[in-house]
Ligand SMILES: Cc1ncc(C[n+]2csc(CCOP(=O)(O)OP(=O)(O)O)c2C)c(N)n1
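Residue numbers (our numbering), protein chains in the order written: chain A, 1 to 326; chain B, 327 to 664.
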């Protein structure tokens with residue numbers, strides 16, 4: 001094990017994949033300088049400007065070029081800078097990348113990775129803070145990943161680059177400096193497998209991305225109160241680990257899904273609905289209220305799904321269900 | 327050079343271009359007929375009157391070159407060498423279609439001949455073409471990418487972004503603006519500022535030429551010259567071809583928003599009629615020309631006859647080719663828990 005940051009883990013993963021496969025290349029704005037968050041630091045020096053490409057501020061073209069280049073035999077890694085700007089390239093992602101394999105009857109594949117930094121970070125306000133994973137999960141053809149730890153940011157990014165279908169890769173901006181243990185050996189994650197952070201029999205708590213850390217803190221607090229939480233970091237939103245979630249929920253009899261994105265039609269709704277359909281147990285969802293992300297810290301705080309909020313929701317759910325499990 | 331070689335070469339090329347145009351015309355006629363009979367369920371956008379652009383440009387491409395087209399892409403695809411039977415079957419949603427009946431007319435594609443797809447989104451292929459060319463550069467291949475789009479596409483953002491990209495990275499792309507005068511039911515010029523598509527390309531430093539898009543020889547000459555410049559590393563080039571859409575926008579559009587006299591006068595300038603004159607001047611007899619036409623039409627007619635009898639795709643195919651990971655599969659009644 002080595003200690004490294006979430007940022008460094010991603011940088012390492014891309015460097016390793018570029019060394020392994022000459023068809024892998026990266027394109028986006030300001031990559032030569034290391035990317036806005038330093039996640040491309042030193043890569044242009046190592047691989048040259050032909051493979052770490054500084055692009056014009058043309059999000060639609062960046063994504064379209066990646067689609068064409070993927071169809072023509074390369075494996076582009078697209079940097080969208082902030083997930084919010086990926087909305088300028090939504091036709092290219094949704095109508096083109098996600099559709100080409102299917103509508104051309106399997107004549108081609110579109111093996112690209114779209115990196116989209118998500119989430120609330122340093123008072124970035126309404127146009128630089130969104131978490132829109134639910135949009136992408138809704139689109140047939142896309143794989144959607146959201147790593148929460150340095151180890152996963154290395155192993156999942158590598159898996160994303162090796163995936164033969166388009167992958168939306170959501171890195172949380174608040175996590176860039178987060179340090180953690182990363183295995184020495186090159187690990188490639190199995191896409192679609194959740195990671196259990198904590199075993200418990202009282203309540204299943206499912207989360208992903210930065211909210212995983214709030215969920216872990218909540219589980220800690222609840223443990224002190226004698227409530228044993230089974231905590232799963234989904235990591236992969238499509239495909240998602242239905243098996244692990246259902247196994248856990250069947251065992252605990254209660255489910256909470258917590259995410260940073262707006263609660264209404266968030267991906268938590270899909271998980272809660274699936275669990276309710278399959279098991280008929282009580283479920284609860286936590287997410288942001290349906291308001292744009294404001295600038296000022298006390299306003300932004302209104303949206304955040306905190307450890308306290310998760311713990312409170314857990315207590316409510318347990319209280320609601322006195323009399324035991326379904 | 328032998329005194330008679332050049333005219334013979336030119337005559338052979340003209341015969342070939344003529345045959346391709348006749349094949350495209352026949353394909354469109356039979357597609358319309360199949361649509362009238364209810365055999366083509368979705369929209370088709372016939373290219374009748376525009377055959378010279380398809381033939382002139384696509385016959386100048388090599389098999390390994392990539393082609394990207396539009397919703398009005400039957401002609402381009404045929405001229406690139408796609409199998410007319412697989413194309414006709416695709417239009418009718420049949421199993422042996424180019425895309426197993428999953429794409430239809432608007433998304434016609436044949437990767438075996440480098441045809442990377444028509445596109446249902448106006449202008450979307452401009453950026454994708456730049457990307458295919460970027461891959462060609464990265465992989466060190468010798469291909470050229472040709473991207474054909476309509477006059478309507480120049481008013482969408484991808485036109486600016488894609489052309490700028492190709493110019494900045496000096497990519498091997500031939501952009502072809504096939505101006506048929508109309509964007510759906512609107513005269514494009516009325517809604518397009520400035521002196522036109524070629525001027526826009528030039529403003530980005532992309533050189534190009536303007537041709538009479540109904541003169542197949544002129545289109546072929548221009549395309550060949552531009553492709554030669556691209557092949558030696560000259561970067562992207564732009565071909566602006568003016569033509570005229572003789573039919574409605576789709577099979578259900580009568581095109582009644584244009585004066586009958588205008589359309590009639592345009593039929594007289596039809597590229598096939600004009601090529602017939604060129605062939606006569608090149609010394610072909612009426613019988614020889616008729617024989618060429620019959621020869622070009624026959625495989626198209628056979629293709630449609632065979633496609634009409636082709637099998638439907640198995641329903642399971644709807645579930646395939648979505649994605650490797652996380653693909654959903656049919657839920658059987660037993661699996662639905664109520
Ligand atoms: C982005 C987008 N907007 C609108 C449409 C609907 N539409 C289909 S074809 C067309 C006209 C396109 O005109 P042009 O590019 O000149 O091509 P033509 O139909 O003349 O071949 C329109 C508006 C579309 N397919 N895509």
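Ideal placement from N, C-alpha and C gives every residue a C-beta, glycine not left out.
Just so you know, these numbers come straight off a predicted model, no measurement behind them.
Report task. Spatial neighbours of residue 618/B within its chain, please: CB distance less than 7 Å, with the 5 preceding and 5 following residues excluded, ordered by chain position. Result -> 341, 344, 345
Requested in this report: Ignoring anything shorter than 3 residues or poking outside the segment 329-362 of chain B, list the beta strand (DSSP E) runs there in chain order.
Outcome: none
Report task. Count the other CB atoms, across all protein chains shown, that sit within 10 Å of the CB of residue 327/A; report buried if there are 16 or more and exposed otherwise. Result -> Beyond the ends of chain A as shown, which are 1 and 326, falls residue 327/A; an answer cannot be given.
Report task. Indicate, with yes or no, if ligand 1 has a heavy atom lying under 6 Å from the CB of residue 509/B. Result -> yes
**Report entry** 7 Å Cβ cut-off: residues of chain B touching residue 102/A
**Finding:** 428, 647, 648
Report task. Give a yes or no on whether the minimum CB-CB distance between residue 135/A and chain B is below 7 Å. Result -> no
Query raised in the report: Mind checking whether the beta-carbon of residue 479/B lies closer than 6 Å to any heavy atom of ligand 1?
Result: yes
Query raised in the report: Taking the alpha-carbon positions, what's the residue 136/A to residue 589/B distance?
Result: 46 Å
Report task. Please list the residues of the segment 469-493 of chain B that have a C-beta atom closer than 7 Å to any C-beta atom in chain A, keeping them in chain order. Result -> 483, 484, 487, 488, 490, 491
Requested in this report: Can you tell me which of the three DSSP states residue 512/B falls into?
Outcome: strand
Report task. Please report the residue range of the alpha helix (DSSP H) in which residue 248/A lies. Result -> 242-252
**Report entry** DSSP state of residue 5/A mapped onto helix, strand, coil
**Finding:** strand
Query raised in the report: The alpha helix (DSSP H) spanning residue 222/A covers which residue range?
Result: 211-224
Query raised in the report: Is the closest heavy atom of ligand 1 to the C-beta of residue 400/B under 6 Å?
Result: no
Report task. Enumerate in chain order the residues of its own chain whose CB-to-CB distance from residue 157/A is below 7 Å, with the five nearest sequence positions on each side excluded. Result -> 10, 13, 14, 169
Query - Cutoff 6 Å; reference residue 255/A; Cβ partners in own chain excluding five residues on either side - result: 204, 249, 275, 283
Query raised in the report: Closest by CA to residue 99/A, which one among 420/B, 508/B, 447/B, 411/B?
Result: 447/B
Report task. Classify residue 91/A as buried or exposed, calling it buried when 16 or more other Cβ atoms lie within 10 Å of its own Cβ. Result -> buried
**Report entry** Among 264/A, 74/A, 23/A, the one whose alpha carbon lies nearest that of residue 289/A
**Finding:** 264/A
Report task. For the beta strand (DSSP E) containing residue 392/B, list its first residue and its last residue. Result -> 392-394
Report task. Using three-state DSSP, classify residue 626/B as helix, strand or coil. Result -> helix
Query raised in the report: Where residue 611/B and residue 596/B are concerned, what is the direct C-alpha to C-alpha distance, given to the nearest angstrom?
Result: 20 Å
Query - N-terminal and C-terminal residue of the beta strand (DSSP E) that residue 500/B is part of - result: 499-505
Query raised in the report: Within the 7 Å Cβ cut-off, does residue 501/B reach chain A?
Result: no
Query raised in the report: Would the beta-carbon of residue 36/A be found less than 6 Å away from any heavy atom of ligand 3?
Result: Here the bound small molecules are ligand 1; ligand 3 is not part of this structure.
Query - For residue 40/A, the first and last residue of its enclosing beta strand (DSSP E) - result: Per DSSP, residue 40/A belongs to no beta strand (DSSP E) and is neither H nor E.
Requested in this report: Would you check if the segment 114-131 of chain A and the segment 209-218 of chain A touch, i.e. whether three or more CB-CB distances between them fall below 8 Å?
Outcome: yes
Query raised in the report: Who are the neighbours of residue 437/B on chain A, taking C-beta pairs under 9 Å?
Result: 71, 104, 107, 108
Requested in this report: Spell out a yes or no on whether the segment 70-87 of chain A and the segment 408-421 of chain B are touching, meaning 3 or more CB-CB pairs, one atom from each, closer than 8 Å.
Outcome: no
Query raised in the report: residue 468/B by DSSP, collapsed to three states: which one?
Result: coil
Query raised in the report: Is it the case that the Cβ atoms of residue 366/B and residue 418/B are separated by a distance below 7 Å?
Result: yes
Query raised in the report: Does any residue of chain A bring its CB to less than 7 Å from the CB of residue 447/B?
Result: yes
**Report entry** Euclidean distance between Cα positions of residue 613/B and residue 620/B
**Finding:** 10 Å
Query raised in the report: Distance, Cα to Cα, residue 58/A vs residue 75/A?
Result: 19 Å
Query - Cβ of residue 652/B within 7 Å of any chain A Cβ - result: yes
**Report entry** For residue 180/A, three-class secondary structure by DSSP
**Finding:** strand
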